[in-house]
Amino acid sequence: MNPQLIGVDDIGGTYVFDVTKSVKALRLNRFFWRIREPAFRELVIQNLQGAFDELHLNAEERGLVEQSDWLGLVQYGVSFFVLEKFARVQKISNLTVYASMRGETLEEFLMTRRVPGSA
98 MNPQLIGVDD
108 IGGTYVFDVT
118 KSVKALRLNR
128 FFWRIREPAF
138 RELVIQNLQG
148 AFDELHLNAE
158 ERGLVEQSDW
168 LGLVQYGVSF
178 FVLEKFARVQ
188 KISNLTVYAS
198 MRGETLEEFL
208 MTRRVPGSA
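Start counting the sequence shown at 98; every next residue gets the next number (the numbering used here).
And the structure:
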């Protein structure tokens with residue numbers, strides 16, 4: 098383990114994104130990154146399985162996407178910044194994604210904010 102990461106597992110809600118995770122999640126990160134391309138975005142909307150096939154996603158990766166397991170995707174090694182692209186295609190707000198990552202509904206999440214009605 099990288100000496101800079103010693104003890105990181107003791108910090109709740111911290112997920113290491115290193116070269117090992119980056120390589121593991123490369124197909125998924127490419128899948129989400131390609132959503133910025135209109136033709137691929139349309140493929141994702143019309144034929145998600147076809148998009149999976151095009152990027153050669155494995156069963157675990159497909160399951161994470163199909164279940165919209167936002168936290169699972171981050172833990173797998175997906176960059177949150179590319180997840181935002183997929184959330185937009187799914188018509189899901191960032192706040193809803195954040196709530197899901199905390200195991201909360203959007204309403205529960207908003208109640209934890211200093212200005213609950215601000216969203």
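A virtual CB, placed ideally from N, CA and C, is assigned to each residue, including glycine. Keep in mind the model is a prediction, meaning the values are calculated, not measured.
query = Buried or exposed: Phe128, going by 16 or more other Cβ atoms within 10 Å of its Cβ?
reply = buried
ask   = Can the beta-carbon of Val179 be found closer than 8 Å to that of Trp130?
value = yes
ask   = In three-state DSSP terms, what is Gly169?
value = helix
inquiry  = Just to confirm before moving on: does the CB-CB distance between Ile132 and Phe183 stay below 8 Å?
reply    = yes
ask   = Cβ of Phe114 within 8 Å of Cβ of Gly174?
value = yes
task = Classify Arg211 as helix, strand or coil using the three-state DSSP reduction.
result = coil
ask   = Under the rule that 16 or more other beta-carbon atoms within 10 Å means buried, what is Val141, buried or exposed?
value = buried
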